[in-house]
């Protein structure tokens with residue numbers, strides 16, 4: 001109630017303003033996050049993709065040539 005008048009203050013209604021840029025970005029992030037599957041499923045699928053790609057590249061004999069070396073290196077850390 002308002003002080004001394006006996007009337008209740010009006011509750012704020014829904015905003016009629018256009019959403020600002022940051023509000024649109026946050027709304028997009030929220031929708032994208034809600035569309036993602038369970039984190040365990042997401043991790044398992046991504047793990048499988050990395051494993052398949054890694055195996056395919058190894059079978060194709062792909063290697064990395066580090067700067068300063070004349071031969072390809074199969075060890076991490078060049």
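Numbering (this note's numbering), first residue to last: 1 to 78.
Ideal placement from N, C-alpha and C gives every residue a C-beta, glycine not left out.
From residue 29 to residue 66, what does the alpha carbon distance come to, in whole angstroms?
The count along the chain shown starts at 1 and reaches residue 29 at position 29. The count along the chain shown starts at 1 and reaches residue 66 at position 66. Distance between the alpha carbons of residue 29 and residue 66 is about 39 Å.
Three-way DSSP call (helix, strand, coil) for residue 53 in this model
Start at 1 with the first residue of the chain shown, and residue 53 comes out as number 53. In this structure, residue 53 counts as helix in the three-state DSSP scheme.
So, with DSSP's three-state summary, where would you put residue 29?
What you label residue 29 is simply residue 29 of the chain shown in a count that begins at 1. Three-state DSSP puts residue 29 in a helix.
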